[in-house]
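The structure under discussion appears below in the form of structure tokens.
Numbering (my numbering), first residue to last: 297 to 464.
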């Protein structure tokens with residue numbers, strides 16, 4: 297098996313670049329949703345509008361890479377499950393969290409997601425993790441601990457969440 301260093305470097309560079317774009321858009325999504333909520337827009341409406349505007353931006357990605365998703369009813373069912381259960385539920389809870397902590401804190405906490413997913417693949421699926429992977433997981437954990445224990449310059453006031461019973 298031949299090793300193509302140029303292709304590996306290009307792939308790694310593209311992956312890092314796409315990861316940076318994903319991180320920036322994640323931070324923008326959190327900031328936008330919290331800003332809308334801070335202006336009196338309801339949590340569900342704020343999250344729905346942010347995702348409603350962001351969703352069409354993903355349609356070209358679906359067109360370019362989505363063929364396997366539509367290849368069989370089983371693949372489509374798995375994709376639908378992933379969209380409706382973990383993603384939908386996760387973002388409902390994320391929106392709820394944005395009503396209580398700052399967008400930057402919420403976005404920082406989401407860094408735990410890939411580390412938890414990697415550990416679960418080891419524990420649940422039996423996948424093996426390389427030493428560099430464990431080092432990355434430990435690094436994420438350490439950085440989250442530093443952020444959690446770092447003194448803040450100011451206290452973040454939780455956003456007011458209107459009581460549905462009194463607003464109807």
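A virtual CB, placed ideally from N, CA and C, is assigned to each residue, including glycine.
ask   = Which two residues bound the contiguous alpha helix (DSSP H) that contains residue 436?
value = Looking at the DSSP string, the run of the alpha helix (DSSP H) that includes residue 436 is 427 to 445.
request  = Determine the burial state of residue 395: buried for a count of at least 16 other Cβ atoms within 10 Å of its Cβ, exposed for fewer.
outcome  = buried
key: Boundaries (first-last residue) of the alpha helix (DSSP H) holding residue 343   = 339 to 350
request  = Count the CB pairs spanning the region 403 to 415 and the region 337 to 356 that are closer than 8 Å, and state whether there are at least three.
outcome  = no
request  = May I have the straight-line CA-CA distance separating residue 353 from residue 347, to the nearest angstrom?
outcome  = 10 Å
Per-residue DSSP class, three states only, for residue 316 = helix
ask   = Does the region 365 to 379 come within contact of the region 307 to 324, defined as at least 3 CB pairs closer than 8 Å?
value = no
message = Under DSSP, the alpha helix (DSSP H) around residue 401 begins and ends at which residues?
response = 399 to 405
ask   = If you draw a straight line from the alpha carbon of residue 333 to that of residue 358, how long is it in whole angstroms?
value = Their backbone Cα atoms lie some 30 Å apart in a straight line.
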